[in-house]
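Visitor:
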Amino acid sequence: MPAGEGVRIAIRSARSADSERCAEIFLHGRRQAFSWQPADRFGLDDYYDCVREDSVLVAEADGTVVGFVSLDPQAGVIHNLFIDPGWHKRGIGSALLREALALLRGGPHPVELACAARNAAARAFYERNGWTPVSTPSDQPDALVLYRLSRAG
Numbered sequence: 001m002p003a004g005e006g007v008r009i010a011i012r013s014a015r016s017a018d019s020e021r022c023a024e025i026f027l028h029g030r031r032q033a034f035s036w037q038p039a040d041r042f043g044l045d046d047y048y049d050c051v052r053e054d055s056v057l058v059a060e061a062d063g064t065v066v067g068f069v070s071l072d073p074q075a076g077v078i079h080n081l082f083i084d085p086g087w088h089k090r091g092i093g094s095a096l097l098r099e100a101l102a103l104l105r106g107g108p109h110p111v112e113l114a115c116a117a118r119n120a121a122a123r124a125f126y127e128r129n130g131w132t133p134v135s136t137p138s139d140q141p142d143a144l145v146l147y148r149l150s151r152a153g
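The numbers in the UniProt record's numbering rise by one with no breaks, and the one at position 49 of the sequence shown is 49.
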């Protein structure tokens with residue numbers, strides 16, 4: 001897929017050698033996305049805990065992983081989607097979502113994901129990509145909004 005400036009993005013299944021890079025993207029992405037939380041709340045090891053049971057796809061540009069999505073095909077759930085900040089706004093997140101959906105469609109469950117209610121940028125991204133909120137967040141600081149796909153993606 002084109003990513004601008006002559007760079008092509010390849011999406012593939014993650015390999016064990018990708019884990020360290022994905023952990024870095026996850027750490028920095030969570031610190032940015034959850035800016036209301038203290039930065040030291042997040043650590044590199046969080047990635048391994050959060051994707052332990054998931055399938056992971058990575059987006060790669062010129063041999064470097066620039067983003068990833070993790071999902072549970074059995075439950076029909078996308079758990080994590082993070083892009084290196086230097087690669088935002090190039091269609092990588094949308095491409096990862098499309099690939100994840102290709103793996104999840106046809107399963108016994110509706111495809112879902114949850115997003116931090118306070119993460120306005122992520123919520124706008126999901127809604128632009130055809131996801132509809134199906135829950136109302138509570139007033140809690142870490143409240144989540146549940147999304148389902150509202151149209152063919």
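Ideal Cβ positions, reconstructed from N, Cα and C, are used throughout, including at glycine.
On the three-pair Cβ rule with 8 angstroms, is the stretch 120–130 touching the stretch 64–73?
Guide: Result no; under three Cβ-Cβ pairs closer than 8 angstroms.
Visitor: How is GLY86 classed by DSSP in three states: helix, strand or coil?
Guide: Here the question's residue 86 lines up with position 86 in the sequence shown. Helix at GLY86.
Visitor: Once the 5 residues before and after ALA23 are set aside, which same chain residues still bring their CB inside 6 angstroms of it?
Guide: The residue given as residue 23 occupies position 23 in the sequence shown. Cβ neighbours of ALA23 beyond the five flanking positions: LEU44 and TYR47.
Visitor: Within a Cβ cutoff of 8 angstroms, which residues of the same chain sit near GLY153, ignoring the five residues on either side of it in sequence?
Guide: On the sequence shown, position 153 is the one that residue 153 refers to. Low confidence applies here, because GLY153 scores a pLDDT of 44, under 50, leaving its location unreliable and the question unanswered by this model.
Visitor: Cutting at 7 angstroms between CB atoms, please list the residues of its own chain near ASP139, excluding the five before and the five after it.
Guide: One-based indexing of the sequence shown puts residue 139 at position 139. If we look at ASP139 and ignore the five residues flanking it on each side, it has no Cβ neighbours.
Visitor: Closest to LEU144 by C-alpha separation, out of PRO133, CYS115 and ILE25, would be which residue?
Guide: Translated into the one-based positions of the sequence shown, residue 144 becomes position 144. Per the Cα distances, CYS115.
Visitor: So for PHE26, helix, strand or coil by DSSP?
Guide: Along the sequence shown, one-based indexing puts residue 26 at 26. Three-state result, PHE26: helix.
Visitor: ASP54: buried (16+ other C-beta within 10 angstroms of its C-beta) or exposed?
Guide: For this step, residue 54 is matched to residue 54 along the sequence shown. The residue is buried, with at least 16 neighbouring Cβ atoms inside 10 Å.
Visitor: Could you give the distance in angstroms between the alpha-carbon of THR136 and the alpha-carbon of TYR147?
Guide: The residue labelled residue 136 in the question sits at position 136 within the sequence shown. The residue labelled residue 147 in the question sits at position 147 within the sequence shown. Between THR136 and TYR147, the C-alpha separation is close to 10 angstroms.
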